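Q: First the structure, which I've put down as structure tokens, then a few questions once you've had a look.
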Amino acid sequence: MSCWKTAFAVAFTFYFAQTVVSAEQPGTTKIKIEETEKFGAYFSDATGQALYLSTADKQGKGRTKAESNCYDACAKAWPPLLTKEKPSASSKRVQESLLGTIKRKDGATQVTYNGWPLYYFVKDKGKGEATGQDVHSFGGEWYLLQPQGTKVTEK
């Protein structure tokens with residue numbers, strides 16, 4: 017019986033997090049900077065939820081378009097930052113010229129920075145949490161993103 021309860025709790029958590037976190041942002045999607053002693057400066061959404069890049073994705077550079085490789089089970093654990101509008105910076109440290117979007121294979125529009133598609137991590141529950149840093153899963157490594165558009169390395 018407890019096995020069923022655990023399975024239900026896990027399934028509910030993933031479903032709920034996917035529904036809430038990856039929902040398209042109303043209006044303009046704002047990107048800002050959070051800062052901690054452990055990681056330094058990194059990107060978050062307007063509510064302070066950490067944003068990540070995946071090394072399994074293709075970074076867009078020049079004429080090469082960014083490409084997300086995170087779908088299905090991956091997108092449940094790492095929900096993409098989706099938008100209906102052009103993303104914008106809510107901090108002077110975010111370079112507007114590096115903000116962009118890509119069209120995902122599932123038809124949704126995902127926010128990018130410096131050519132990297134951006135994601136949440138389902139285990140982060142609020143502002144200042146960054147438990148997905150340097151996690152290895154779904155064929156890649158996951159990192160917070162610095163204002164320069166590169167991965168965060170721990171201090």
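The sequence shown begins at 17 in our numbering and counts up by one. Just so you know, even glycine gets a beta-carbon here, dropped at the ideal spot from N, CA and C. Please read these numbers as outputs of a predicted model, since none were measured by experiment.
For residue 80, does the count of other Cβ atoms within 10 angstroms reach 16, so buried, or fall short, so exposed?
A: Answer is exposed; the Cβ neighbour count stays below 16.
Q: Measuring straight from C-alpha to C-alpha, what distance separates residue 145 and residue 115?
A: So the alpha carbons of these two residues sit roughly 23 angstroms apart.
Q: Helix, strand or coil for residue 113? Go by DSSP, reduced to three states.
A: The answer is helix: DSSP assigns residue 113 an H, G or I state.
Q: Got a sec, what are the start and stop residues for the alpha helix (DSSP H) residue 92 sits in?
A: Run containing residue 92: 89-93, per the alpha helix (DSSP H) assignment.
Q: Please report how far the alpha carbon of residue 90 lies from the alpha carbon of residue 98, in whole angstroms.
A: Their backbone Cα atoms lie some 15 angstroms apart in a straight line.
Q: Which residue from 142, 63, 69 puts its Cα closest to that of residue 134?
A: Nearest of 142, 63, 69 to residue 134, Cα basis: 69.
Q: Please state whether DSSP places residue 69 in a helix, a strand or coil.
A: Note: residue 69 maps to strand in three-state DSSP.
Q: Span of the beta strand (DSSP E) holding residue 75?
A: Here residue 75 belongs to no beta strand (DSSP E), and DSSP marks it neither H nor E.
Q: For residue 143 versus residue 64, is the C-beta distance shorter than 8 angstroms?
A: For residue 143 and residue 64, yes; Cβs fall inside 8 angstroms.
Q: How about residue 153 and residue 66: are their beta carbons less than 8 angstroms apart?
A: Not closer than 8 angstroms, so no.
Q: Suppose the cutoff is 6 angstroms on Cβ atoms and the five residues either side in sequence are ignored; what does the same chain contact list for residue 158 look like?
A: Once the five neighbours on either side are set aside, the close Cβ partners of residue 158 are 68, 70, 148, 151.
Q: Does the Cβ of residue 164 have 16 or more other Cβ atoms within 10 Å, making it buried, or fewer, making it exposed?
A: With fewer than 16 other Cβ atoms within 10 Å, it is exposed.
Q: Could you tell me the distance, in whole angstroms, from the CA atom of residue 51 to the CA atom of residue 58?
A: Each residue's Cα considered, the two are about 6 angstroms apart.
Q: Whole-angstrom Cβ separation of residue 72 and residue 155, contact assumed at under 8 angstroms?
A: Right, their Cβ atoms sit about 4 angstroms apart.
Q: Report the rounded CA-to-CA distance for residue 78 versus residue 53, giving the unit in angstroms.
A: Approximately 34 angstroms, taken between the alpha carbons.
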